Amino acid sequence: MESVDTLLAAHRAYLLGWNVGEAGDDDLVTYRSEVPHPPLNGVLRLVGRDPADALAEARRRLDGVPRIWWAGPDSDTGTADALASLGGVPVLNLPIMATSIDQATPAPTPTALRIAETSDVDEFVTAYARVSGIPEAGVPTAIARERSFRGDGTVVRLAGRLDDGRIVGTAVAWLSHGLLTLYYVGTQPEHRRQGIGTAMTHAALDLARERGIRTAALTSTPIGEPVYRNLGFRTVGTFQLLSF
């Protein structure tokens, strides 16, 4: 199993791939996509810098876009509490989960589901935007950022389709720092509770295994956490998300 530091570095590398703004130095790492969706603009790390000064600088860099602050194990201890005392609003705690790919629990793929890599960025982003909460007005910008993605790693976009060709499930497999990190694992609302999300996750694990990668990681919503636990993922840390 890779170290938590490696998992965090891969997470930063993915979100920085969306960045078209000022990333800053290691003491205050930010990313700005211009997509009107808080998880795609924010602060990734705060180390060795006064929180009040850092908050003012982050506000300057991210002015005009919805944003979040990822207060996690790679930031100074007490960062979330310091931000809250300065007016930051706690939003959600997200577990950082990981598993050894070879030890993941097997699961069947729904009979009618076909999972494959897709190069149709427009269709793929439109599908995951509906699930993740990206507003319709922000989809064109999200598509543009996906097309110009420049992260330190490899993105593989997996689409789960029914026989009629519709995308009903998505998963982004991010291959970086020697591991797989999963993003945008989702199922269209009318097709949930059919095992599609589990199948999309397994397809990404299989792809990573074929490429010699042995560890998978993700950040999970509270709703998704039991699903990933059943697949063999275990919590190795926590992000405290704050708005500001």
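According to the UniProt record's numbering, the sequence shown is numbered sequentially starting from 1.
Virtual Cβ for every residue (Gly too), placed ideally from N, Cα, C.
All values derive from a computational prediction rather than experimental measurement.
Is L46 near D76, with beta carbons less than 7 angstroms apart? A contact, by the Cβ cut-off of 7 angstroms.
Looking only at C-alpha atoms, which of R229, V29 and T198 sits nearest to G42? It is V29 whose Cα lies nearest to the Cα of G42.
Across the region 2-21 and the region 143-158, are there enough close Cβ pairs to call them in contact, namely three or more that are closer than 8 angstroms? Yes, the region 2-21 is in contact with the region 143-158.
Going by Cα to Cα distance, which pick from T238, F233 and S176 is closest to T201? The option with the nearest alpha carbon to T201 is F233.
Considering only the alpha carbon of each residue, which of G78, Q103 and V139 lies closest to E34? In terms of Cα proximity to E34, the closest of G78, Q103 and V139 is V139.
Buried or exposed for D74, going by 16 or more other Cβ atoms inside 10 Å? Classification of D74: buried, given that the 10 Å Cβ count is 16 or more.
Span of the beta strand (DSSP E), counted from its first residue to its last, around E131: The amino acid at residue 131 is misidentified as Glu; the sequence shows Val. First-last for V131: V121 to S132, but that is the alpha helix (DSSP H), not the beta strand (DSSP E).
Does DSSP classify T201 as helix, strand or coil? Looking at T201 - three-state DSSP - the assignment turns out to be helix.
Going by C-alpha to C-alpha distance, which of P110, S119, Y128 and T235 sits closest to V155? V155 has its Cα closest to that of S119, out of P110, S119, Y128 and T235.
Closest to G21 by C-alpha separation, out of P90, V168, A58 and S243, would be which residue? Scanning P90, V168, A58 and S243 for the CA closest to the CA of G21 turns up A58.
So, with DSSP's three-state summary, where would you put R60? In this structure, DSSP gives R60 a helical state, which the three-state scheme calls helix.
Helix, strand or coil, according to DSSP, for T111 in the structure here? T111: coil per DSSP, three-state reduction.
Does DSSP classify N230 as helix, strand or coil? Correct three-state label for N230: helix.
State whether the region 77-90 contacts the region 167-174, with contact taken as three or more CB pairs (one from each stretch) at a distance under 8 angstroms. No, because fewer than three Cβ pairs between the region 77-90 and the region 167-174 fall closer than 8 angstroms, the two stretches do not touch.
Where does P95 sit, in a helix, a strand or coil, going by DSSP? The answer is strand: DSSP assigns P95 an E or B state.
One question on the structure: do N93 and T238 come within less than 7 angstroms of each other, judged by their Cβ atoms? At the C-beta level, N93 and T238 come within 7 angstroms of one another.
What are the boundary residues of the alpha helix (DSSP H) that I143 is part of? Per DSSP, I143 is one residue of the alpha helix (DSSP H) stretching across V139 to R147.
Using the Cα positions of R145 and D122, report the straight-line distance between them to the nearest angstrom. Distance between R145 and D122, taken at the CA atoms: about 11 angstroms.
Whole angstroms are fine: how far does the CA of A80 sit from the CA of P36? Distance between P36 and A80, taken at the CA atoms: about 23 angstroms.
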